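Below you'll find the structure, written out as structure tokens, and then a few comments.
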Amino acid sequence: MTEFNVDNLNPATQQVLATVNKALPNPLHVAIADASDPLLRPSDARYGYDDNDDAYIQIDNASNIEYTFSRELSHLFIDMGGYPIVHNELDLEKDPSGKLVADVATGIDDAIHVAIITSWQRKHGLIDGDVRTAIIKGVEADVTPGDDGKEAEDLVREGLTVLDGLIVAGIDNPGIAAWQDQYPSAFAIAGQLYATILQNDLQDARGIRRTIIAMFKAFDDMFDLEGVSFGQLVVVPPVLSERQLRQPAGALFNIELTPYKSAFDADVVIAFTGVTDGQVAFMLHEDQATLEAGLIAELIEMPLGEIISRYQLPFSAR
125 MTEFNVDNLN PATQQVLATV NKALPNPLHV AIADASDPLL RPSDARYGYD DNDDAYIQID
185 NASNIEYTFS RELSHLFIDM GGYPIVHNEL DLEKDPSGKL VADVATGIDD AIHVAIITSW
245 QRKHGLIDGD VRTAIIKGVE ADVTPGDDGK EAEDLVREGL TVLDGLIVAG IDNPGIAAWQ
305 DQYPSAFAIA GQLYATILQN DLQDARGIRR TIIAMFKAFD DMFDLEGVSF GQLVVVPPVL
365 SERQLRQPAG ALFNIELTPY KSAFDADVVI AFTGVTDGQV AFMLHEDQAT LEAGLIAELI
425 EMPLGEIISR YQLPFSAR
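Taking my numbering, the leading residue of the sequence shown gets 125, the next gets one more, and so forth.
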């Protein structure tokens, strides 16, 4: 394993690492493989929690530890910060659109993170010409030219890969000048999503959630889910004020059963869909007996804060 030396990191990265470690019960564990590939990809590293709930970062490509570690550390930092994160809570394996929805949900979440992280990395000199070139080459290694024979899932995956390249390398980078012709559909998907990111503000939780919803709607315009929207199939926790927490839940959300199967083996799934934005903010996974006892009618009248407290539902405070 390659040695990890904190003292060699950019001061800005050291500061974020210190903040993360202060918030964790045990210091972040970092493992770096010996393998080194000059191409840079999002899959070069990952973060998570081990069996003891201790946080870790695993870097599988040691070619640019400074860039890769700062990117993955920032992903962890954002997740710890309580910002809206997309959740998949439905079992869509038998649904024709299931794989597409899962890929989109994960890809949009990652893209929002990358846009925030890249802005910070640029500010602190963590993205230079070598990084941009390695990112571009990584995209070109993973995306095949043309559209022939590609299913919707393939185009989405490639579109999200191109999007990552646009965000990090920059849409005006001469190194990507040929992408629009080489990857027509993937570039069109990426371009639409990138424009959506640029049109929105990612400075706070409300802006992040608004951008996620706008990106889902962009996908709705590009792909036909036969009357269903991405906003109905995935959960994006809400950003709420104190006043909203005191209001009846039914004043803010349409509360009703979904026709989809729970990913947690519950009998039924109750969705809280925003009245104004059409986005599912919560899902409750319940048994049939509880439903028949009048649960939905009770939820409609109950103060939203009480529901959140009872079910330990995630949200961001405005």
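The beta-carbon is built from N, C-alpha and C at its ideal position, and this holds for glycine as well.
Nothing here was measured: the structure is a model prediction, and the numbers come from that model.
Are there 16 or more other CB atoms within 10 angstroms of the CB of T126, so buried, or fewer, so exposed?
Translated into positions along the sequence shown, residue 126 becomes position 2. Exposed is the call here.
Apart from the five residues just before and just after T320, which ones in its own chain have a Cβ nearer than 8 Å to its Cβ?
Locating residue 320 in the sequence shown gives position 196, counting from the first residue. Answer for T320: T335, A338, M339 and A342, listed in chain order.
On the three-pair Cβ rule with 8 Å, is the region 307-320 touching the region 268-284?
yes
Does N378 get closer than 7 Å to chain C when you measure Cβ to Cβ?
Chain labels in this structure do not include chain C; a single protein chain is all it has.
Just to confirm before moving on: does the CB-CB distance between L164 and G262 stay below 7 Å?
Residue numbering aside, residue 164 sits at position 40 when the sequence shown is read from its first letter. Residue numbering aside, residue 262 sits at position 138 when the sequence shown is read from its first letter. Against a cut-off of 7 Å, the Cβ pair of G262 and L164 comes out as a contact.
Counting pairs of beta carbons, one from the region 255-271 and one from the region 223-239, are three or more of them closer than 8 Å?
no
Three-state secondary structure (DSSP) of Q403
Within the sequence shown, numbered from 1, the residue matching residue 403 stands at position 279. Three-state DSSP puts Q403 in coil, outside helix and strand.
On the three-state DSSP scale, how would you describe Q182?
Walking along the sequence shown from the start, residue 182 turns up at place 58. In this structure, Q182 counts as strand in the three-state DSSP scheme.
Measure the alpha-carbon distance for A159 versus N185 and round it to whole angstroms.
Numbered from 1 along the sequence shown, position 35 holds the residue referred to as residue 159. Numbered from 1 along the sequence shown, position 61 holds the residue referred to as residue 185. Looking at the two C-alpha atoms, the distance is approximately 6 Å.
Output needed for N176: all residues of its chain with C-beta closer than 7 Å, excluding positions within five of it in sequence on either side, in chain order.
Numbered from 1 along the sequence shown, position 52 holds the residue referred to as residue 176. Excluding residues within five positions, none has a Cβ falling inside 7 Å.
Residue burial classification, D233 (beta-carbon count within 10 angstroms, cutoff 16):
Here residue 233 refers to the residue found at position 109 when the sequence shown is read from its first residue. The residue is buried, with at least 16 neighbouring Cβ atoms inside 10 Å.
Taking the continuous beta strand (DSSP E) assigned at A169, which residues delimit it?
Against the sequence shown, residue 169 aligns to sequence position 45. It spans A169 to Y173 - the beta strand (DSSP E) in which A169 sits, taken as one unbroken run.
Do N212 and R358 have their beta-carbon atoms positioned less than 7 Å apart in this structure?
Position 234 of the sequence shown holds residue 358. Position 88 of the sequence shown holds residue 212. Looking at the sequence shown, residue 358 is not Arg but Val. Their beta carbons are under 7 Å apart, which means V358 touches N212 by this criterion.
From L349 to A329, what does the alpha carbon distance come to, in whole angstroms?
In the sequence shown, residue 349 corresponds to position 225, counting from 1. In the sequence shown, residue 329 corresponds to position 205, counting from 1. Each residue's alpha carbon lies about 28 Å from the other.
Would you mind sorting L322 into buried or exposed? The rule is 16 or more other CB atoms within 10 Å of its CB.
Looking up residue 322 in the sequence shown gives position 198. Note on L322: under 16 other CB atoms within 10 angstroms of its CB, so exposed under the neighbour-count rule.
Report all residues from its chain with a CB closer than 8 Å to the CB of K146; omit the five preceding and five following residues, and keep chain order.
Your numbering for residue 146 matches position 22 in the sequence shown. Closer than 8 Å at the Cβ level, and outside the excluded window around K146, lies no residue.
Mind listing, in chain order, the continuous alpha helix (DSSP H) runs of no fewer than 4 residues lying wholly within the region 229-293?
253-266 and 276-293
Nearest to R333 (by Cα), restricted to the options F347, I431, V360 and Y318
Counting from 1 along the sequence shown, the entry for residue 333 is found at position 209. Cα-wise, what sits closest to R333 is V360.
Could you pull the start and end residues of the beta strand (DSSP E) that L381 belongs to?
Translated into positions along the sequence shown, residue 381 becomes position 257. F377 to L381 is the span of the beta strand (DSSP E), which, as asked, contains L381.
Starting from H211, follow its DSSP beta bridges and name the residues at the other end.
Here residue 211 is taken as the residue at index 87 of the sequence shown, counted from 1. Answer by DSSP bridge pairing, in chain order: V359.
According to DSSP, simplified to helix, strand and coil, what is P438?
Here residue 438 refers to the residue found at position 314 of the sequence shown. Correct three-state label for P438: coil.
Three-pair Cβ contact test at 8 Å for the region 207-226 versus the region 381-398:
yes
Exposed or buried, which one is H153 when buried takes at least 16 other CB atoms within 10 Å?
Residue mapping note: residue 153 aligns to position 29 of the sequence shown, counting from 1. With fewer than 16 other Cβ atoms within 10 Å, it is exposed.
What is the DSSP secondary structure of A342, reduced to helix, strand or coil?
Along the sequence shown, one-based indexing puts residue 342 at 218. Here A342 sits in helix by DSSP.
Work out the CA separation of D278 and I202 for me, nearest whole Å.
Translated into the one-based positions of the sequence shown, residue 202 becomes position 78. Translated into the one-based positions of the sequence shown, residue 278 becomes position 154. Their backbone Cα atoms lie some 28 Å apart in a straight line.
From this set, Q138, K223 and D174, which residue's C-alpha is nearest H248's C-alpha?
Here residue 248 refers to the residue found at position 124 when the sequence shown is read from its first residue. Cα-wise, what sits closest to H248 is Q138.
When DSSP labels each residue in this structure, what does T137 get in the three-state scheme?
Within the sequence shown, residue 137 is the residue found at index 13, counting from 1. It is helical.
Tell me the DSSP secondary structure of T320 in three-state form.
Residue numbering aside, residue 320 sits at position 196 when the sequence shown is read from its first letter. Three-state DSSP puts T320 in a helix.
For G206, which residues from the same chain have a beta carbon less than 6 Å from its beta carbon, with the 5 sequence-adjacent residues on both sides left out?
Counted from its first residue, the sequence shown places residue 206 at position 82. If we look at G206 and ignore the five residues flanking it on each side, its Cβ neighbours are S440.
Between I156 and I183, which are expected to be in contact by the criterion C-beta below 8 Å, what is the C-beta distance as a whole number of angstroms?
The residue you call residue 156 lines up with position 32 of the sequence shown. The residue you call residue 183 lines up with position 59 of the sequence shown. Yes, I156 and I183 are in contact; Cβ-Cβ is about 4 Å, under 8 Å.
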